[in-house]
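Below is one structure, written out as structure tokens; the observations come after it.
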Amino acid sequence: SGAPNSSPVASQSCHVGLWGAGSSWCGYRMPLRATETVSLFLAFILAGSNAIENGLGKTPPLGYNTWNDFGCGNITADNLRLVADKMVELGFRDAGYEYLNIDDCWAIGRDKVTKQLIPDPLLFPEGIKPVSDYVHSKGLKFGIYTDRGILTCGKRPGSLGHEVIDAQSFADWGVDFLKEDSCYSNSVDHKVAFKEYARMRDALNSTGRPIFFSLCGWRAWYAPLGASLGNTWRISGDVIDWAGVYRAVQVALQLGNYAGPGGFNDPDMLLGSVPDTSHFLTPEQSRTQFNLWVALSSPLLVGSSMLRMSAYDHETYTNPEALSISQDPLAKQGFVAWGDCPEWKPSKKCPPCAQVLSKPLSTGGFALVLVNYSPTPNVVACDEACVVRACGGVCAGMSFLARDVWAKKSLGLVQSVEVALPPGGSSMLVFTPPPFREGAAVDVPVDPVPLVL
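Residue numbers (our numbering): 60 to 512.
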């Protein structure tokens, strides 16, 4: 579910760079007004100082979610078994996608005596546990959905006041991932929101079962305390179109300081380009969304159709080089190395601009995503000054071994890059500093020249 997102202007902040003390890289974070800081501190005290204690989320989660695909009407046990089969058949499981997650509309009420949630008998005639068992039999993990309010967004029973009962039910059913939405609750009161999410966090901890906890509150102000409450936290409204992709990216870029191993900013699901799902992008835009989500260390939860997936989307979502960047153990969120986009303000439109994002990697290098948000073709460049910002400010005059993630080929030694991109298009490159990886095959020019693709 989505809600309007109002975000303060971003401010730039610098951090210890990729190659040790004395270097720095500059990113963006959400500035907090004094009153907000006090409010967040009080909310933290009210919520308790415990953290999610599941040992999960050291890197962003990979998986699938039913919402954009099946909506409220077709999340049947049979369809979920078909999705599990297809995730294996298409190689998603082997590519690292772990979770098959049910979204809203699976429950119809509560037992009058036990107060436990009742799965819809028309959708799940044998209950949830047999479906969970089937998903596990395929080498996958099983996720489910609830809401911190009295009702879910689809007006099914929420978990407010029943957190302990529901958490134990989920554990008994073999649930591995819980998404908790924020409908039919006080969605704008920080203290109430943190306290309610903390109750579910503590209830999950008390079950003894490691359950990945995904907060879905739609607002940027979850980020400063997000890692104390869950493994991921939604930071903007639902992404349903290209403008939504842009909005979510700009909000996430302000919050990079709060993300890292164990907890990540969540800009929403991957839309894909299958035209008969509830929301979709063009193929070019869908790959760009994927590239951006990788650079942002975001959850990669496929919201498109698994059963009717196009060959193009399949290639996008299972690219091993892109996934290795997503799952890099450093788990740092990317930041803007260059851009000509206007100062971010909430809008329903995507401006005709471009950005270059840099994601630091544990190898000492970084991944660059060059993106053209414009509706017309554009040449996007990362010149030497941009590359210096991308590397953390410690590589002036240095040459890098560049690799094109989508062409799957080495591009030689470079000090800058320039790429011609179609509307909504992007490129992903990996820059590796010397000394290069032993045995790396590269055609090295005598003098590095600007790379033009």
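Don't be surprised by glycine CBs; every beta carbon is placed ideally from N, CA and C.
All figures in this text were calculated on a predicted structure; none of them were measured in a lab.
Query                                                                                                                                                       : Result
Residue 326 and residue 357 look like a contact to me (Cβ under 8 Å); what is the Cβ gap, rounded to whole Å?                                               : 5 Å
Express the C-alpha separation of residue 127 and residue 441 in angstroms, rounding to a whole number.                                                     : 35 Å
Classify residue 375: buried if its beta carbon has 16 or more other beta carbons within 10 angstroms, exposed otherwise.                                   : buried
Residue 303 to residue 482, Cα distance in whole Å?                                                                                                         : 16 Å
How long is the line joining the alpha carbons of residue 338 and residue 480, rounded to whole angstroms?                                                  : 24 Å
Straight-line CA distance for residue 493 to residue 383?                                                                                                   : 20 Å
With DSSP collapsed to three states, give me the class of residue 308.                                                                                      : helix
Would residue 396 pass as a contact of residue 461 if the rule is Cβ separation under 8 Å?                                                                  : no
Any chance the segment 128-135 sits against the segment 269-288, with 3 or more Cβ pairs inside 8 Å?                                                        : no
Rounded to whole angstroms, what's the CA-CA distance from residue 210 to residue 150? Just pull it up for me.                                              : 36 Å
Taking only runs that begin and end inside the segment 170-202, name each unbroken alpha helix (DSSP H) of 4 or more residues, in chain order.              : 188-196
Please determine, among 260, 169, 205 and 320, the residue with the shortest C-alpha to C-alpha distance to residue 390.                                    : 320
Spell out the partners DSSP gives residue 468 in its beta bridges.                                                                                          : 463
Restricting to Cα atoms, I'd like to know which of 146, 345, 316 and 269 is closest to residue 155.                                                         : 146
With a cut-off of 8 Å on the beta carbons, I'd call residue 363 and residue 336 a contact; round off their distance for me.                                 : 6 Å
Taking 8 Å as the cut-off, decide whether the C-beta atoms of residue 216 and residue 113 are in contact.                                                   : no
Tell me the residue span of the beta strand (DSSP E) that contains residue 414.                                                                             : 413-419
For residue 402, which three-state DSSP category applies?                                                                                                   : coil
What did DSSP end up calling residue 458 once you bin it into helix, strand or coil?                                                                        : coil
Shortest alpha-carbon distance to residue 247 belongs to which of 231, 275 and 221?                                                                         : 275
So, using beta-carbon positions, are residue 463 and residue 488 closer together than 8 Å?                                                                  : yes
Distance, Cα to Cα, residue 484 vs residue 436?                                                                                                             : 8 Å
Who are the near neighbours of residue 409 in its chain, counting only those whose CB is closer than 6 Å to its CB and skipping five residues on each side? : 301, 302, 305 and 432
Taking residue 285 as the reference, give the member of 471, 111, 512 and 491 with the closest Cα.                                                          : 111
So is residue 297 buried or exposed if we call it buried at 16+ other beta carbons inside 10 Å?                                                             : buried
So what's residue 445 in DSSP terms, helix, strand or just coil?                                                                                            : helix
Thinking residue 226 and residue 266 are a contact (beta carbons under 8 Å), I'd like their distance in whole angstroms, please.                            : 5 Å
Identify the residues that DSSP records as bridge partners of residue 165: which are they?                                                                  : Partner(s): none; residue 165 has no beta bridge.
Where does residue 158 sit, in a helix, a strand or coil, going by DSSP?                                                                                    : strand
By the three-class DSSP mapping on this structure, what secondary structure does residue 110 have?                                                          : coil
Quick one: using the 10 Å Cβ neighbour count with 16 as the cut-off for buried, is residue 511 buried or exposed?                                           : exposed
Does residue 349 come out as helix, strand or coil in the three-state DSSP assignment?                                                                      : helix
Have a look at 290, 381, 193 and 330 and flag the residue whose alpha-carbon is nearest the alpha-carbon of residue 119.                                    : 290
Please classify residue 238 as buried or exposed, where buried requires at least 16 other C-beta atoms within 10 Å of its C-beta.                           : buried
State buried or exposed for residue 163, treating a residue as buried only when at least 16 other CB atoms are found within 10 Å of its CB.                 : buried
Taking just the CA atoms, how far does residue 423 sit from residue 472?                                                                                    : 16 Å
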